[in-house]
Amino acid sequence: MNVYIGLDVSLRSVAMCVVDLKGAIVEELNLPCNVESIASHIEAAGYQVERIGFEAGAMSQMLFHGLTAKGFDTVCMEARQVAAALSAMRNKTDKTDARGIAHILRAGWYNPVHMKSRESHDIKALLAARKAILNKCIDLENEIRGLFKAFGIRLPSHVSRLRFDEKVRPIIEADEALAFALLPMLDVRGALYDTYRLMEQRVIVVSRHDPVCKLLMTAPGIGPITALSFKAAVDDPTRFNSSRLVGAHFGLTPRRFQSGEMDNPGRISRAGDKDVRATLYNAANSLLLRSTRPSSLKTWGLRLIRTKGTRRARIAVARKLAVILHRMWVTNTPFNAEGTA
1476 MNVYIGLDVS
1486 LRSVAMCVVD
1496 LKGAIVEELN
1506 LPCNVESIAS
1516 HIEAAGYQVE
1526 RIGFEAGAMS
1536 QMLFHGLTAK
1546 GFDTVCMEAR
1556 QVAAALSAMR
1566 NKTDKTDARG
1576 IAHILRAGWY
1586 NPVHMKSRES
1596 HDIKALLAAR
1606 KAILNKCIDL
1616 ENEIRGLFKA
1626 FGIRLPSHVS
1636 RLRFDEKVRP
1646 IIEADEALAF
1656 ALLPMLDVRG
1666 ALYDTYRLME
1676 QRVIVVSRHD
1686 PVCKLLMTAP
1696 GIGPITALSF
1706 KAAVDDPTRF
1716 NSSRLVGAHF
1726 GLTPRRFQSG
1736 EMDNPGRISR
1746 AGDKDVRATL
1756 YNAANSLLLR
1766 STRPSSLKTW
1776 GLRLIRTKGT
1786 RRARIAVARK
1796 LAVILHRMWV
1806 TNTPFNAEGT
1816 A
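Per my numbering, the sequence shown runs over residues 1476 to 1816.
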């Protein structure tokens, strides 16, 4: 029997709904959330599977690659689109969600999500670990600043992260009560900062040995973090038919609401990977305000600052950078400072 299988995936279990080509429900059940359990049940039931589908989520990477390796035609669907389709159902349960996903799969009304390679996930794990350690370090610095205020101690508004311990430790050690309470926190912060510097060095080493990152870093304002973030998020540059789509993919193009005589452009959509969007924005700021390398892109951005303002100019340059980086990657061509912006 030819069937479509919809899966509603949670952390430890999967709700499965099997429908035939006419949409009639053949089977509904719950299984453990692992590839072997799902594949074994399908094979034991003797189904001729047209396609297996589920929405994007934390476990989708494991299920997609595992079921694909078992020989099934597997698709991961865009979560927002699936949620919009399922919102019409009266009750929301795992069982009804699986049923809705199976019918969406049979109708073909979905956008497939690109499943990234293991290399991309390795890079994202490295960047996420670095960011998490840095955030904890900043949290401890802010906590120490806040506790100091109760004693009338006000640190300068800007203390470099490298010299924070040197600046704060004498103040804490001068007061016995402060030393008893805050020295352990300062020691933990110091250990975190040393680990952060180690992670930063690993990021630099990885980017310097990666040919794609070395190519992307020929563009002004693009450093190791931006290059690695962009490479991990795009993964496969050929999945975009046009470089212009990359800016929209990372949420750097305006929303638009058009109906009849109404046509209202809005703020940027902020769709896609927010970390990549943030790094591109920082790269645009660096290109406009810090980089001394002349380029047509910088000239265009500075002209936008005068006419549209700094914030809009940064967003526009970030979008253009995303387009340019993708085109550089596809054509394997270094940045051309004289190119048309």
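Positions of the beta carbon are idealized from the N, C-alpha and C atoms, including for glycine.
What's the call for S1770, buried or exposed, on a 16-neighbour Cβ count within 10 Å?
-> Within the sequence shown, the letter at position 295 stands for residue 1770. It counts as buried.
Please name the residue in R1768, L1763 and T1767 whose C-alpha comes closest to that of L1781.
-> Here the question's residue 1781 lines up with position 306 in the sequence shown. Note on identity: in this sequence residue 1781 is Arg, with Leu being the wrong assignment. Checked all of R1768, L1763 and T1767; the closest Cα to R1781 is L1763.
Does the stretch 1714-1732 come close enough to the stretch 1744-1759 to have 3 or more Cβ pairs within less than 8 Å?
-> yes
Within this structure, are the beta carbons of A1758 and I1697 separated by less than 8 Å?
-> Counting from one through the sequence shown, the residue named residue 1758 turns up at place 283. Counting from one through the sequence shown, the residue named residue 1697 turns up at place 222. Yes; because the gap between Cβ atoms is below 8 Å, this pair is in contact.
How should A1559 be labelled, buried or exposed, when 16 other C-beta atoms within 10 angstroms of its C-beta is the threshold for buried?
-> Within the sequence shown, numbered from 1, the residue matching residue 1559 stands at position 84. Counting Cβ neighbours within 10 Å, A1559 comes out exposed, since fewer than 16 surround it.
Leaving out five residues on either side along the sequence, give the residues of the same chain with a beta carbon under 7 Å from the beta carbon of T1549.
-> Position 74 of the sequence shown holds residue 1549. Correct list, in chain order: I1527, F1539, L1542 and T1543.
Starting from the C-beta of E1616, find all residues in its chain whose C-beta is less than 7 Å away, skip the five residues before and the five after it, and write them out in chain order.
-> For this step, residue 1616 is matched to residue 141 along the sequence shown. These residues qualify, in order along the chain: F1639 and R1664.
The alpha helix (DSSP H) with F1655 in it runs from where to where?
-> Position 180 of the sequence shown, counting from 1, holds the residue named residue 1655. From DSSP, the alpha helix (DSSP H) with F1655 extends over E1651 to H1684.
Taking L1691 as the reference, which of Y1756, H1801, Y1671 and G1784 has the closest Cα?
-> Within the sequence shown, numbered from 1, the residue matching residue 1691 stands at position 216. Among Y1756, H1801, Y1671 and G1784, the Cα nearest to that of L1691 is on H1801.
Applying the criterion that 16 or more other CB atoms from any shown protein chain within 10 Å of the CB defines a buried residue, is V1478 buried or exposed?
-> Counting from one through the sequence shown, the residue named residue 1478 turns up at place 3. Its Cβ being crowded by 16 or more others within 10 Å, V1478 is buried.
Buried or exposed: G1583, going by 16 or more other Cβ atoms within 10 Å of its Cβ?
-> Here residue 1583 corresponds to residue number 108 of the sequence shown, with the count starting at 1. G1583 comes out exposed.
T1806 versus K1795, S1485, V1687 and G1575, residue with shortest Cα-Cα distance = Here the question's residue 1806 lines up with position 331 in the sequence shown. Considering only alpha carbons, the answer is V1687.
What did DSSP end up calling F1623 once you bin it into helix, strand or coil?
-> Your numbering for residue 1623 matches position 148 in the sequence shown. It is helical.
Return the bridge partner residues of V1478 from the DSSP annotation.
-> As a first step, residue 1478 is located in the sequence shown; it is residue number 3 there, counting from the start. Bridge partners of V1478: D1495 and V1524.
Going by Cα to Cα distance, which pick from V1557, R1565 and R1672 is closest to C1612?
-> Looking up residue 1612 in the sequence shown gives position 137. With distances taken between Cα atoms, C1612 lies closest to R1672.
Jot down the residue ranges of each uninterrupted beta strand (DSSP E) in the stretch 1719-1743, minimum 3 residues, whole runs only, in chain order.
-> 1729-1734 and 1737-1743
How about V1524 and I1480: are their beta carbons less than 8 Å apart?
-> For the purposes of this step, residue 1524 is identified with residue 49 of the sequence shown, where counting begins at 1. For the purposes of this step, residue 1480 is identified with residue 5 of the sequence shown, where counting begins at 1. Yes. Within cutoff.
Beta-carbon gap between P1587 and M1534 smaller than 8 Å | Position 112 of the sequence shown, counting from 1, holds the residue named residue 1587. Position 59 of the sequence shown, counting from 1, holds the residue named residue 1534. Not closer than 8 Å, so no.
For E1675 and R1605, believed in contact at Cβ under 8 Å, the rounded distance | By 1-based counting over the sequence shown, the position of residue 1605 is 130. By 1-based counting over the sequence shown, the position of residue 1675 is 200. That belief holds up - the Cβ atoms of R1605 and E1675 are roughly 7 Å apart, short of 8 Å.
Counted within 10 angstroms of its Cβ, other Cβ atoms place G1776 as buried (16 or more) or exposed | Taking the first residue of the sequence shown as 1, we reach residue 1776 at position 301. Buried is the call here.
So, does the CB of V1524 fall closer than 8 Å to a CB anywhere in chain C?
-> No chain C appears in this structure, which consists of one protein chain only.
Cβ-based burial, E1641 [other Cβ within 10 Å; buried from 16] = Start at 1 with the first residue of the sequence shown, and residue 1641 comes out as number 166. Exposed, by the Cβ-count rule.
Rounded separation between T1659 and I1700 - CA only | The residue given as residue 1659 occupies position 184 in the sequence shown. The residue given as residue 1700 occupies position 225 in the sequence shown. Checking the sequence, you will find Pro at residue 1659 rather than Thr. Cα to Cα, P1659 sits roughly 31 Å from I1700.
Go through its chain and collect everything with a Cβ distance to M1590's Cβ below 8 Å, but skip five positions before and after it.
-> Sequence index remark: in the sequence shown, residue 1590 carries index 115 (1-based). Here the set comprises S1535, Q1536, F1539, H1540 and C1551.
Which partner residues does V1550 have in the DSSP bridge list?
-> Counting from 1 along the sequence shown, the entry for residue 1550 is found at position 75. According to DSSP, V1550 bridges with G1528.
What's the C-alpha gap between R1581 and L1496?
-> Here residue 1581 refers to the residue found at position 106 when the sequence shown is read from its first residue. Here residue 1496 refers to the residue found at position 21 when the sequence shown is read from its first residue. About 7 Å.
Can you tell me which of V1484, V1709, Y1756 and R1636 puts its alpha carbon nearest to the alpha carbon of I1576?
-> Taking the sequence shown and counting its residues from 1, the one referred to as residue 1576 is at position 101. Nearest of V1484, V1709, Y1756 and R1636 to I1576, Cα basis: V1484.
Could you check the C-alpha separation between L1796 and L1667 for me, to the nearest Å?
-> The residue labelled residue 1796 in the question sits at position 321 within the sequence shown. The residue labelled residue 1667 in the question sits at position 192 within the sequence shown. L1796 and L1667: Cα-Cα distance of roughly 33 Å.
Taking only runs that begin and end inside the stretch 1549-1612, name each unbroken beta strand (DSSP E) of 3 or more residues, in chain order.
-> 1549-1552
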